Amino acid sequence: MLSQHATTASSTREEFKQTQVKCTCKKSQCLKLYCDCFTSGLVCGPECGCLGCCNTEANTDSLVQQARQMILQKNPQAFSSKVAQQQTHRSGCKCKRSGCQKKYCECYHLGVPCGHLCKCTLCQNGKPCLGADGEQKLVGSKRIKADIIFKVDDKAYPEQRPPSC
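Just so we're aligned, residue 1 is where the sequence shown starts under the UniProt record's numbering, counting upward by one.
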């Protein structure tokens, strides 16, 4: 039974190594949350394409631990999972122009839809929004555009724009 567990654990480790994201850090020395290896609690390996890396086995006890402690002092949940049990982001994103369709949107990057905690505008990643008729709809889809009248110098101008959340 114990040997079967050890075999399962080693095969899981091998599977993880095969699916591990390789970092390509240029200026952060792999000691910031931008580095996927550092954020995951791993050290950078030979398959990584980083420059000036300090996230190595040799530095694990000194530089890496100091960097982790500094980050944890600022944000105690920095290294915890950012996706809650309900498959939504714990703090939400704040995208303004990307429509939550780029990798720098935390929700999109983690593969979860935007939720009620997100402060994004013109979301195209599943954030519900009230349409002009009061129904809950997804912002960004072509069929929800509504006539909104804007007043400039006491003149009304109808425009086609999606409702804002």
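Where is the CB? At the ideal position from N, CA and C, for every residue including glycine. Model, not experiment: these values are computed from the prediction.
Three-way DSSP call (helix, strand, coil) for residue i in this model
i    : result
Q66  : helix
T121 : coil
A58  : helix
Q29  : coil
L72  : helix
Residue span of the alpha helix (DSSP H) that contains residue i, given as start and end
i    : result
S40  : D36 to S40
H109 : E106 to L110
Nonlocal neighbours in the same chain, by C-beta distance under 8 Å from residue i, ignoring five residues either side
i           : result
K94         : C118, K119 and C120
K103        : H109
residue 167 : Here the chain covers residues 1 to 165 and nothing more, so residue 167 does not appear.
Cβ shell of residue i (< 7 Å), same chain only, five flanking positions each side left out
i    : result
I71  : L33 and A78
C30  : C23, C37, F38, C44, C50, C53, C54 and N55
N59  : none
E47  : K22
H116 : none
Same chain, Cβ closer than 6 Å to residue i, neighbours up to 5 away in sequence not counted
i    : result
Q101 : Q124
N75  : none
L42  : none
Q69  : none
C25  : C35 and C50
**Request:** Please confirm if the segment 53 to 65 is in contact with the segment 94 to 108, defined as three or more CB-CB distances below 8 Å between the two stretches.
**Result:** Because the criterion of three Cβ pairs below 8 Å is not met, the segment 53 to 65 and the segment 94 to 108 do not touch.
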